Amino acid sequence: MSSDEEDFNDIYGDEPATKEEVPKTEPTADTKKEDAPSDSKDAGSNNTAATSSLDQLAALQALSSNFNQQQQQSNSNDQSTTSNSNNNDNENNNISSNTENKTSNDVSWEQLQQTMSQFQQQSQLQPPQMPQPIGSQMSENSALAANNAVKADLSRDICKMFIGGLNWETTEDTLRDYFSKYGRVIDLKIMKDTNTGRSRGFGFLTFDSSSSVDEVVKTQHILDGKVIDPKRAIPREEQDKTGKIFVGGIGADVRPKEFEEFFAQWGTIIDAQLMLDKDTGRSRGFGFVTYDSPDAVDRVCQNKFIDFKGKKIEIKRAEPRHMQKQQQMGDGMSAPAGMANPMAQMYQSPMMGGFNPMFNPQAMAEYYQKMQEYYQQMQQQTGMDYTQMFQQQMSMMMPGYPMGGAAAMPSGTTSSDSATPNQGEDSSGSNNGGVQTIGGESSERARGTERDGSEISGIGSGHGNNSVGGGKSQMNLPRGPRGPSPPSESEGGDRPSHGSGRGRDRDRHHRGSHRNGYRGGSSGYRGRGYNRRNNNGYHPYNR
Amino acid sequence: MWAPNLESLLQLAVLLRSSMAPHQEERRGAMDALESFKIQPEFLNYLCYILIEGESSEALVSHFSAQELQNNRATAGLLLKNTMLDGDNLTKGSQDIGYVKANIIHGLYNSNNSLVTNVTGIVITTLFSTYYRQHRDDPMGVQMISNLVELASNGSEASMKTLSKIMEDSAQFFQLEWSGHIKPIDNLIACFLDITANGSTTATNRAEAIKCLNTVIPLQPQSFSLRIDEFLNSIFQLAQTDENDDVRVQVCIAFSSLLKFRPDKLVDNLAGLIHFMLHLISTVKEEKVSIEACEFIHSFCTDPNIPEHIIQPFVTDIVPVLLTKMVYNEESIMVLESSNDDDASEEDKDEDIKPAAPRIVKKQRGDGEDSDDDDDDDDSGVDESDVDTQWNLRKCAASTLDVMTNILPRDVMYVAFPFLKEHLDSDRWFIREATVLALGAMAEGGMKYFDDQLPQLIPFLVDQLKDVWAPVRKITCWSLSRFAPWILKDHTEFLIPVLEPVIGRLMDRKKDVQEAAISSVAVFIESCDAELVETVLYDELLNSFNRCFEFYKKKNLIILYDAVSRFAEKVELDERAMKVLLPHLVNKWSLLPDNDKELWPLLECLSYVATSLGEKFMPMAPDVYARAFRILCNCVELEATSQQNPAIVAPEKDFIITSIDMIDGLVQGLGSQCQPLLFPPGSDNTLLQIMLQCLQDPFHEVRQSTFALLGDIVYFFDPQLLAATLSQFLKFIGTEIMHNDDPDGIPALINAIWCLGLISERINLGEYIIDLSRVLLDLFTTQGQILDAAVLENLAITMGRISITLPEVFSNGLFASDAMWNRWCNALQDLDSLEEKSSAYMGFMNIVNLVGDHVAISNETLKNIIKGLSINVDPTPFAQSIYTFLMKHAERIQGLKLSQEEVTFLQQFNGN
């Protein structure tokens, strides 16, 4: 994977993201949920990430202790208890537990000296100046804030930009032509789908001077008929030191400049994004502000609601995605053995129906978050880039919310999905008759969602604040690949790689896989991915 | 100017006449004589002369009757075409075709004899697809095109039809430069556009001109793009005014094609287009028109570039039309009503059984293209089974409804469901039938939305299994199987209530219903958990199969074999299954002669059963192997001799494939126990020699099965067996990896790669490894071509396996790079086989550790490696190399964001 891919992840690390939180409207969370120590109500924002970074420490420590053990079959139990206790008493013992780690590390490393001199060297250097994992710095900010304020260092010039929302037709040449008026472009790349060779609708561009970047971000850009979205590519390590909030309930008349100015009173703003309707150019009622320090976030978040242009706007922390993920991990780690992996639930929930994220922008942002993680997961499983597809869907969905009372579909209101029995279908209660609209069809999840987004925008009765004009995307809107389904879904194990999604795919009715389509034995070593059992059976409309 | 020698001309004409004689002897004699003429360099000129001058040459006219002259012309033309197609006659330049090139077009002038003009058209088309493609610099080619264009523009239907055939075959070649730096495509497009827009020409010419342009659209040449609006104007105009069926068919195809390649041009008119298509579907009697109109709707719904919300507004219009067209047409209803009687005891006629070519996906080009066409034409007799064998509007509508429900389930259900509900208990059977078909078609996409309806719907459907009308029972069997995933996932309470009545239909008195029932049962078996089959269904299925074997006729037996195969694949068969199933299989097996095609499905089934029975199959193994081996040897030998002697017809490849698979089934089922059977001590290992021959077969499927067998032999048997032939096998593996770029050949490629990995684990590849590793790397690092994910995965595994012993071949050069390592990890991320993934990573760690500091490993790759190691890998055998790796990067690993699995993975070293 290229470094640009990495950058992509970096950038999307700061996509609109709010604290992962179980939707408040979930009165019937099942026992698993209740068991979980995750503090769903008060959304403890201060501890869990720390846990996870400590977990990593613990893991490394475990690793070293293993060597230790090889040398001297003793300490392992102690080690693991130590790491466990680290997990648990993270509230106040951060420093002491770290010290503990260091000491234990020292011991083990020393014991390795004779056999592994290379590590010995490391161990001597490491403990005294072992850099604290960035993650923990960030999340421990409340504890550390008093004496050790963290700030993103943006003094170093940022010349690289992420350019999102590109027309699929846009080429590197047209992109270069367009941006050359802001300065000399020294590098650029449009990311392509490895399978189709098609543009994925985003790319990276580097100017030779950061002042060009400053110019670019000042204005709106239209290229090949599409509003494109250039952003500073902030290196991840700097990103992690920033702080981001979600702002909801903004009046439709608020302009981006006002928005930014208003929030500047709490700290230095790196990026303020007021989400605008692409068609009308008006505010869609919510946005994100990125400050250069977590302190600013703390300050602004002291008020849950703030008066702004005659409306009470809502402020909420939006944590970078990868940190939330860790938080999840942390929970999982400290949870009693045998408990379901909270991640598994999280990944399922957005798709399986069970909560309706669309009744307010806040939930929307949470939904976004979950979707993104879901897609990431999908991407890992299937090797396909759902993220881009997801971006598109979101852009179509966003203008269309408020959703609520989805169409009265005669069937399917009581769908229960065994995989997620806990996702109380009633939870969003009053406002979502059509929960399953999100759940969609297994094989075509992505499509389903998109469809719902655009369609619901037309319905959404009785939930006020109906903004118009959603889902009016053009024919040539970039879209994710369609058709291939998550591996677990397909009856005969169609592999996504053989996507039947192209053109006329009647073949997908063929069942099963021909064992000899590829071969390998029952002993589990067969080559994979072929599906060609020939269908002698009856089908009323196979070609 | 060439002129025929009169004597030779007459001699040839006599032979041609004899070749059509009623007496077989005479015919054969003439054919042989004609065959010997083929070496004459002027043979083609003579044939051409007879084709175009056959009724005007005085010499001929004086010797033959008018009827004979006409027949001779056509015969000469077809022979001319076949000879041109045959081998390298034209390309080698051994034949003089100067006369053909200059004069063949005269055959089109005589427009009152359509047989001659058609044959001439075919000859000209062949001339382009063989000779001119390779001799584009020959000015005669461009000349011929402009002659044809001129004739067509002046209204010659024969010329227009010829152009249409040429375009169908060779359109893409006209984009290249021909003699005089001319790209013929430009001229052609201009001509077709003019004819399309020309209101005064015949409908046939218009239809053919659009047909020609339809071959151009996918190529998107510039000269077409420039005038695309003109074309659009014409066809929109024709859509409104021209009611000729042929024109309409081509107009519909044009719109479908434009939708795919130039959606931007149609987007503003979508509503109009869709209503136009719906109008055609609802009103036009001629089904070929309504099918193409429905195909447009189908493409509209499946095109990946059209978002749902564009489709969504049309659902209310489209769905009702589809539903009404899913009812059997009048003719079919009549046929079905007249044949509703029981027929279970009637034997199947051989010609009723679809030529079961179980394995070969695509016939190779030039091989039997004509005979395929003939097959289609032969099916025109009205017979009840024909109702369902041809693509028709009903099928197209059902298929469209299916895909639409997948895209917009809620909308489709919203429109369709009330409609269907109303007709569920219609007193006309064909309405009930169509309703059940529609429910089945919507099952996959609409599953979620059926949810609260299904508990009522399912009992209703089960009830339809008792309908007096066989077509209703038949479709219900299928429809219920479409709900199998729903039932098996969340609603197993329906499994028995549904499956039992379906199993009951296995013994239906109507063969058509049996067919649907056994297919349905096969689907249920396939979708069922193995446990469920084992604990709940095992006995019932066994008993049913037992009865079916006694009851079924040829055609349904084939599907029964398939169901038994799936059953055997799903569960491990026990003694009882052996006692029940084997006698039937062995019985059929002994009744069939070695050259009976029915052996294919039977061998396939036996292969699964053998694998599933494992050691229990041992007593049968010697006989089964002996026969499979005999068939294999025989076929391979015949194949070889047929290359030398054209009189010998090689048997179908399926005999080779199924017998190899049968042998492979034994190897998989019996493991090392059957080594003495396949390779008796002291023998010459004939099987390996035969396999080597099979690996040279041009059919991918043959090589695919052979590589599979080779892999299993290496896996289970003593590797020493291969000692003598190893270099040859490796050579073919290398060739396969280097040269297989045919997408249809991917399974063969995968098996070759997979096989190489197994060999490398067991046999020291020493001297061969340099070349092989280069071949693997070339493919792995390829940029230009998009690699199939399964190919990439197998490549990664094999590279890993090789590196368990020989990591040095990948530790420098192309693979020693961070990007490649990352690619390697990504290739394996979905691999769930513990054995494969562990071996792969074991070798990979060797590479990485060997490379050491020469490659700066990125955080992303580092994380990817840890992620890969943490899932589905047993680190025990190579824990030491993992330690080495982890400790080297310990500091950086601390900075990584790790998932739970990864943390657990790191932690597990604690427990050792």
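Order-wise, the sequence lines are chains A and B. Take 1 as the starting number for the first sequence in full-length UniProt numbering and just add one per residue. Take 1 as the starting number for the second sequence in full-length UniProt numbering and just add one per residue. Backbone N, C-alpha and C define an ideal beta-carbon position, used for all residues, glycine too. Small disclaimer: the values here were computed from a predicted structure and weren't measured.
When the alpha-carbon of Ile306 of chain B is set against those of B:Leu278, B:Leu270, B:Glu286 and B:Asp594, the nearest one is in B:Leu270. Neighbours of Gly537 of chain A across chain B, judged by C-beta separation under 7 angstroms: Ser519, Ala522, Ile559 and Asp562. DSSP places Ser283 of chain A in the strand class (E or B) of the three-state scheme. Three or more Cβ pairs closer than 8 angstroms define a contact, and the region 318-325 of chain B falls short of that threshold against the region 489-497 of chain B. Interface annotation, Leu756 of chain B: not in contact with chain A, CB-CB separation never under 7 angstroms. By the Cβ test, the region 404-417 of chain B is in contact with the region 431-443 of chain B, since at least three Cβ pairs between them sit closer than 8 angstroms. A contact is defined here as three or more CB-CB pairs under 8 angstroms, and the region 203-219 of chain B meets this definition with respect to the region 241-260 of chain B. Under the 7 angstroms criterion on CB atoms, Trp391 of chain B is classed as interfacial with respect to chain A. Between Phe261 of chain B and Pro218 of chain B, the CB-CB gap stays under 7 angstroms.
DSSP, reduced to helix, strand and coil, places Phe204 of chain A within a strand of the structure shown. Using beta-carbon distances, Glu515 of chain B counts as an interface residue toward chain A, with a partner under 7 angstroms. Taking every protein chain shown into account, the CB of Pro875 of chain B has 16 or more other CB atoms within 10 angstroms, so this residue is buried. Setting aside the 5 residues that flank it on each side, Pro719 of chain B is surrounded in the same chain by Arg762 and Ile763, each with a C-beta closer than 7 angstroms to its C-beta; the list follows chain order.
In the DSSP assignment, His221 of chain A falls within the beta strand (DSSP E) that extends over His221 to Leu223. If you compare the alpha carbons of B:Ile39, B:Ser62, B:Trp2 and B:Phe567 with that of Ala13 of chain B, the shortest gap goes to B:Ser62. In the three-state scheme derived from DSSP, where H, G and I count as helix and E and B as strand, Asp317 of chain B is classed as helix. For chain A, the residues of the region 284-304 of chain B that bring a beta carbon within less than 8 angstroms of one of its beta carbons are His298, Ser299, Thr302, Asp303 and Pro304, in chain order. Cβ neighbours of Asp186 of chain B within its own chain (closer than 7 angstroms, five residues either side excluded): Ser223. For Ala272 of chain A, the pairing in a beta bridge is given by DSSP as A:Val289. Chain order gives the chain A residues near Ala398 of chain B as Pro540 and Tyr541, where near means a beta carbon separation below 9 angstroms. Using a C-beta cut-off of 8 angstroms, the region 734-754 of chain B makes contact with the region 794-804 of chain B, since at least three inter-stretch Cβ pairs fall below that distance.
Shown in chain order are the members of the region 471-482 of chain B whose Cβ falls below 7 angstroms from a Cβ of chain A: Ile475 and Trp478.
Thr219 of chain A and Lys231 of chain A have their alpha carbons spaced roughly 11 angstroms apart. DSSP places Glu314 of chain A inside the beta strand (DSSP E), whose first and last residues are Lys311 to Arg317. Classified as buried, Ile657 of chain B has 16 or more neighbouring CB atoms from the shown chains inside 10 Å of its CB. By the Cβ criterion, the region 510-520 of chain B is in contact with the region 473-486 of chain B, since at least three pairs of Cβ atoms, one from each stretch, lie closer than 8 angstroms.
In this chain, the beta strand (DSSP E) harbouring Arg232 of chain A covers Lys226 to Arg232.
Cβ-Cβ distances below 7 angstroms link Ile882 of chain B to Met845, Leu869 and Pro875 in the same chain, with the five nearest sequence neighbours on each side left out; the list follows chain order. Distances from the CA of Ile487 of chain B to each of B:Ile770, B:Ile525, B:Glu150 and B:Glu550 were compared; the closest alpha carbon is that of B:Ile525.
A direct Cα-to-Cα measurement between Asp830 of chain B and Val498 of chain B gives close to 35 angstroms. Contact check for Lys588 of chain B against Leu602 of chain B passes: the beta carbons are separated by less than 7 angstroms. Two segments are said to touch when three or more pairs of C-beta atoms, one from each, lie closer than 8 angstroms; by this definition the region 639-648 of chain B does not touch the region 678-687 of chain B. The beta carbon of Leu115 of chain B lies closer than 6 angstroms to those of Ala74 in the same chain, with the five residues before and after it left out.
Here Trp178 of chain B carries a strand assignment [DSSP, helix/strand/coil]. Below the 7 angstroms Cβ cutoff, chain A contributes no neighbours of Lys349 of chain B, its closest Cβ being approximately 17 angstroms away. Here the region 812-823 of chain B lies against the region 770-785 of chain B, with 3 or more beta-carbon pairs under 8 angstroms apart.
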